[in-house]
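K.L.:
At position 152 of the sequence shown (counting the first as 1) the number is 152 in UniProt numbering, and the numbers step up by one without a gap.
C-beta atoms are modelled at their ideal positions from N, C-alpha and C, and glycine is treated no differently.
No experiment lies behind these values; they were computed from the predicted model shown.
Quick one: this structure, given as structure tokens, is what I'll be asking you about.
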Amino acid sequence: MVPPPTVTGLSPIEGVPGTKLTIRGEFLGTRPEDLTGLVICGVDCLLTAEWKSSTKLIARSGGGVGKGDVIITTLSGGRGTSTVQFKGYQEVLSAVKESAVWVDESVILQLSFGRQRPLSPNAAMHDDPLGLSVEGNTATDLDADLPSLFPGQSGDLTSSTFSPAWFLLEQHRDTGFHDLKAGLHYLERKVNFQKEGQISFFKA
């Protein structure tokens, strides 16, 4: 009987999801069909595996984060072991870093400047998403009640707990219904424009 697979070498030893790895070891399968399992940092990566020989495989890492073993399973030898580990980490993207994904720079600006008002009328760093003016809104007792009306939520557009109702009560309580409908159409056009931009980016 063939001994279990043993992974003894990795190149590189760390990377982001999708990193191309050269895996070396012993008894890594007698043929491509013999390879039945490849787990990297606890994530199944068999579909990316390319069998080269009984001592070499090529594969791409999955979404596992942190250090983890590279475990190979074969029909002939069963589940194997690993003497080396791969370290997976998530890459942090920014507006100035080249990337194969679309980065919405307007969100980056909002995150960078928080909820500050524009420095000047032309410096619209935090435009209203409905394209409406909020200059007419004045502070009322309702502002203090919003946290109790929407517990655990926020009117902050950049928050993961964003509440549309909170936002409308805070920013557009004096806005008429027809203006709100016009703002909705404006937002829909803006979203569609951004989607078209992403599609054009990927085609390019």
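1) Between residue 257 and Phe86, what straight-line distance do the alpha-carbon atoms span, to the nearest angstrom?
2) I'd like the span of the beta strand (DSSP E) that includes Gln153, first residue to last.
3) Apart from the five residues just before and just after Glu170, which ones in its own chain have a Cβ nearer than 6 Å to its Cβ?
4) In the DSSP assignment, what residue or residues form a beta bridge with Ala59?
5) Just how far apart, CA to CA, sit Leu57 and Gly183?
6) Can you tell me whether DSSP reads Glu91 as helix, strand or coil?
7) By alpha-carbon positions, which one of Ser76, Ser61, Gly78, Val92 ends up nearest to Val70?
8) Identify whether Arg79 lies in helix, strand or coil by the three-state DSSP scheme.
9) Which residues does DSSP list as the beta-bridge partners of Ser11?
10) Are the beta-carbon atoms belonging to Pro5 and Gly68 less than 8 Å from one another?
11) With DSSP run on the structure shown, which of helix, strand or coil describes Val191?
12) Per DSSP, which residues does Ser53 bridge with? Please list them.
P.N.:
On the basis of the data shown:
1) No information on residue 257 is available, as it lies outside the stretch 1 to 204 that the chain covers here.
2) Translated into positions along the sequence shown, residue 153 becomes position 153. Where Gln153 is concerned, there is no enclosing beta strand (DSSP E), given that its DSSP letter is neither H nor E.
3) Taking the sequence shown and counting its residues from 1, one reaches residue 170 at position 170. Hits under 6 Å: Gly155.
4) The residue given as residue 59 occupies position 59 in the sequence shown. Leu21, per the DSSP bridge assignment.
5) Residue numbering aside, residue 57 sits at position 57 when the sequence shown is read from its first letter. Residue numbering aside, residue 183 sits at position 183 when the sequence shown is read from its first letter. Computed Cα separation, rounded: 55 Å.
6) In the sequence shown, counting from the first residue as 1, residue 91 sits at position 91. Three-state DSSP puts Glu91 in coil, outside helix and strand.
7) Taking the sequence shown and counting its residues from 1, the one referred to as residue 70 is at position 70. Of the candidates Ser76, Ser61, Gly78, Val92, the one whose C-alpha sits nearest the C-alpha of Val70 is Ser61.
8) Your numbering for residue 79 matches position 79 in the sequence shown. Residue state, collapsed to three classes: strand.
9) The count along the sequence shown starts at 1 and reaches residue 11 at position 11. Per DSSP, Thr22.
10) As a working mapping, residue 5 is identified with position 5 in the sequence shown. As a working mapping, residue 68 is identified with position 68 in the sequence shown. Contact flag unset, no.
11) For the purposes of this step, residue 191 is taken as the residue at position 191 of the sequence shown. Residue state, collapsed to three classes: helix.
12) On the sequence shown, position 53 is the one that residue 53 refers to. Looking at the DSSP assignment, Ser53 forms a beta bridge with Lys56.
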